[in-house]
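Some notes on the structure that comes next.
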Amino acid sequence: LGMRHADTGAVVRCLSTGGSVISAQPVQKFGNNPVDVRDTDHYTEEYVPSFVEKWDSLIDWDRRSESEGTFFIDMLRERGVKKVLDVATGTGFHSVRLLEAGFETVSADGSGEMLAQAFANGLKHGDHILRVVQADWRWLNRDAHGEYDAIVCLGNSFTHLFSERDRRKALAEFYAMLKHDGILVLDQRNYDAILDRGYSSKHVYYYCGEDVAVEPEYVDEGLVRMRYSFPDESVYHLNMFPLRKDYTRRLMQEVGFQRIETYGDFQHTYRTERPDFFIHVAEKE
Ligand code: SAM
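Oh and the sequence shown: position 95 is 95 in my numbering, straight run, nothing missing.
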């Protein structure tokens with residue numbers, strides 16, 4: 001594992017006691033000025049295994065299913081969807097839920113490490129054999145094949161794209177892999193609230209009670225740097241592009257989606273007057 005990361009340039013930290021190395025793990029690398037890291041390609045380095053494992057172990061999947069409810073499943077069923085491409089598989093939460101609900105599901109992600117974890121999680125949560133494809137959204141059609149009734153891009157994933165060109169390219173690739181009457185379901189954090197409320201009155205989002213605290217540590221129109229604090233006092237970060245709701249809707253329209261419905265979701269955290277997430281459902285026909 002350490003070797004692989006050294007190859008890709010990620011820092012490897014060795015934890016040692018009395019001179020004997022007990023473990024070696026890659027750590028997140030944001031350089032001297034973290035708020036300068038605004039690069040679409042950086043996502044594979046941000047999701048280091050220790051962060052991903054911690055997230056998965058604390059955010060119990062049953063609790064997460066409960067808090068998310070059956071919104072996605074119900075909506076896909078109502079529209080007669082059979083075949084789904086999960087383009088942001090991550091550790092597999094949504095792919096497994098889709099398989100469990102009976103959808104024919106293919107699981108894609110740009111990070112091989114995430115897919116490995118997702119595959120293991122599929123076996124662990126109900127003996128599912130995930131059909132995984134490693135593919136970056138910008139070149140999705142090169143590596144993933146077939147036509148789908150629905151593409152899902154969930155868990156605030158689209159935020160990882162840092163240029164409008166990349167966003168347009170990714171949406172165009174999603175559009176191309178949908179059947180003539182297919183739909184794209186894409187969610188995002190409510191960045192309007194973060195941007196408009198400003199850094200000074202930042203809001204801490206708690207996941208599953210107080211287990212994980214997520215708060216914006218730095219905010220401007222081109223970057224939200226989120227800080228994830230865990231009960232063992234470890235801290236991780238993700239750099240995200242703050243997508244304004246209407247901007248995402250406009251981009252979807254401009255690449256050809258005909259109708260976009262946006263839902264507000266109050267279920268992920270403590271209830272506030274504003275939704276923490278938006279879910280866009282974009283129709284091709
Ligand atoms: N849907 C899952 C969930 O909610 O648990 C995972 C979401 S995770 C926040 C975002 C995922 O998007 C990561 O696994 C990351 O590797 C992937 N990702 C980010 N940018 C990508 C890109 N350009 N192409 C493909 N995958 C990408």
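Backbone N, C-alpha and C fix where the C-beta goes; we use that ideal spot for every residue, glycine too. In this text, all values refer to a predicted model and were calculated from it rather than measured experimentally.
Quiz prompt | Rounded separation between residue 215 and residue 41 - CA only | solution = Within the sequence shown, numbered from 1, the residue matching residue 215 stands at position 215. Within the sequence shown, numbered from 1, the residue matching residue 41 stands at position 41. Here the alpha carbon of residue 215 sits roughly 23 Å from the alpha carbon of residue 41.
Quiz item: Which parts of the segment 219-245 are runs of the alpha helix (DSSP H), unbroken and 4 residues or longer, counting only runs that do not cross its ends?
Solution: none
Quiz item: Considering only C-alpha positions, which residue in the set 257, 262 and 236 is nearest to residue 246?
Solution: Here residue 246 is taken as the residue at index 246 of the sequence shown, counted from 1. When each option's Cα is compared against that of residue 246, the closest is 262.
Exercise. Compute every distance between the C-beta of residue 162 and the non-hydrogen atoms of the ligand SAM, then say whether any falls below 7 Å.
Key: Your numbering for residue 162 matches position 162 in the sequence shown. It does not: the Cβ of residue 162 is nowhere closer than 7 Å to a heavy atom of the ligand SAM.
Self-check item: Distance cut-off 7 Å: residue 240 Cβ against heavy atoms of the ligand SAM
Solution: By one-based count along the sequence shown, residue 240 stands at place 240. No - the ligand SAM has no heavy atom lying nearer than 7 Å to the Cβ of residue 240.
Quiz item: Going by the C-beta, is residue 90 closer than 7 Å to any heavy atom of the ligand SAM?
Solution: The residue labelled residue 90 in the question sits at position 90 within the sequence shown. Yes.
Quiz item: Around the Cβ of residue 128, are there at least 16 other Cβ atoms within 10 angstroms (buried) or fewer (exposed)?
Solution: Locating residue 128 in the sequence shown gives position 128, where the first residue counts as 1. Buried is the call here.
Quiz item: How is the beta strand (DSSP E) around residue 278 delimited, first residue to last?
Solution: As a first step, residue 278 is located in the sequence shown; it is residue number 278 there, counting from the start. Start and end: 277-283.
Quiz item: Quick one: does the C-beta of residue 111 sit closer than 7 Å to a heavy atom of the ligand SAM?
Solution: For this step, residue 111 is matched to residue 111 along the sequence shown. Yes, since a heavy atom of the ligand SAM falls inside the 7 Å radius drawn around the Cβ of residue 111.
Exercise. Give the C-beta separation of residue 218 and residue 35 to the nearest angstrom, bearing in mind that I take them to be a contact with Cβ-Cβ under 8 Å.
Key: Your numbering for residue 218 matches position 218 in the sequence shown. Your numbering for residue 35 matches position 35 in the sequence shown. That belief holds up - the Cβ atoms of residue 218 and residue 35 are roughly 5 Å apart, short of 8 Å.
Self-check item: Extent of the continuous alpha helix (DSSP H) to which residue 117 belongs
Solution: Walking along the sequence shown from the start, residue 117 turns up at place 117. Looking at the DSSP string, the run of the alpha helix (DSSP H) that includes residue 117 is 112-124.
Quiz item: Tell me which same chain residues have a C-beta within less than 6 Å of the C-beta of residue 92, skipping the five on either side of it?
Solution: Position 92 of the sequence shown, counted from the start, is the residue given in the question as residue 92. Leaving aside the five residues that flank residue 92 on each side, the residues in its chain whose CB is nearer than 6 Å to its CB run, in chain order, 118, 121 and 122.
Quiz item: Is any heavy atom in the ligand PLP found nearer than 7 Å to the beta carbon of residue 114?
Solution: Absence of the ligand PLP is noted for the structure shown, with the ligand SAM being the only ligands found.
Quiz item: With 16 other CB atoms within 10 Å as the buried threshold, where does residue 70 fall?
Solution: Within the sequence shown, numbered from 1, the residue matching residue 70 stands at position 70. With fewer than 16 Cβ atoms within 10 Å of its Cβ, residue 70 is classed as exposed.
Quiz item: Are three or more beta carbon pairs between the segment 242-259 and the segment 154-174 nearer than 8 Å?
Solution: yes
Quiz prompt | heavy atom of the ligand SAM below 7 Å from residue 72 C-beta | solution = Working through the sequence shown from its first residue, we reach residue 72 at position 72. Not under cutoff, so the answer is no.
Practice problem: Reducing DSSP to helix, strand and coil, say where residue 106 ends up. | Solution: As a working mapping, residue 106 is identified with position 106 in the sequence shown. Residue state, collapsed to three classes: strand.
Practice problem: Consider the C-beta atom of residue 138 and the heavy atoms of the ligand SAM; say whether any pair is separated by less than 7 Å. | Solution: By one-based count along the sequence shown, residue 138 stands at place 138. Because some heavy atom of the ligand SAM lies under 7 Å away, the Cβ of residue 138 counts as near it: yes.
Exercise. Can you have a look at residue 157 and say buried or exposed, based on whether 16 or more other CB atoms are within 10 angstroms of its CB?
Key: Counting from 1 along the sequence shown, the entry for residue 157 is found at position 157. Under this definition residue 157 is a buried residue.
Quiz item: Mind checking whether the beta-carbon of residue 121 lies closer than 7 Å to any heavy atom of the ligand SAM?
Solution: As a first step, residue 121 is located in the sequence shown; it is residue number 121 there, counting from the start. For the ligand SAM, not one heavy atom lies less than 7 Å from the Cβ of residue 121.
Quiz item: So what does DSSP say about residue 74, is it helix, strand or coil?
Solution: Residue 74 sits at position 74 when you count from the first residue of the sequence shown. Three-state DSSP puts residue 74 in a helix.
Practice problem: Examine the ligand SAM and report whether any of its heavy atoms sits within less than 7 Å of the Cβ of residue 229. | Solution: Locating residue 229 in the sequence shown gives position 229, counting from the first residue. Checking every heavy atom of the ligand SAM against the Cβ of residue 229, none is found closer than 7 Å.
Quiz item: What residues in its chain sit with their C-beta under 6 Å from that of residue 242, if we drop five residues either side in the sequence?
Solution: Residue 242 sits at position 242 when you count from the first residue of the sequence shown. Only 191, 195 and 224 meet the Cβ criterion.
Quiz item: Leaving out the 5 sequence neighbours to the left and right, which residues in its chain are closer than 6 Å to residue 54 when beta-carbon positions are compared?
Solution: In the sequence shown, residue 54 corresponds to position 54, counting from 1. The residues are 230.
Exercise. Just confirm the distance between the C-beta atoms of residue 87 and residue 116, as a whole number of angstroms; I'd bet it's less than 8 Å.
Key: Locating residue 87 in the sequence shown gives position 87, counting from the first residue. Locating residue 116 in the sequence shown gives position 116, counting from the first residue. Contact flag wrong, Cβ pair sits at about 17 Å.
Quiz item: Is it the case that the Cβ atoms of residue 182 and residue 236 are separated by a distance below 8 Å?
Solution: Sequence index remark: in the sequence shown, residue 182 carries index 182 (1-based). Sequence index remark: in the sequence shown, residue 236 carries index 236 (1-based). It is not a contact, given that the beta carbons lie outside the stated cut-off.
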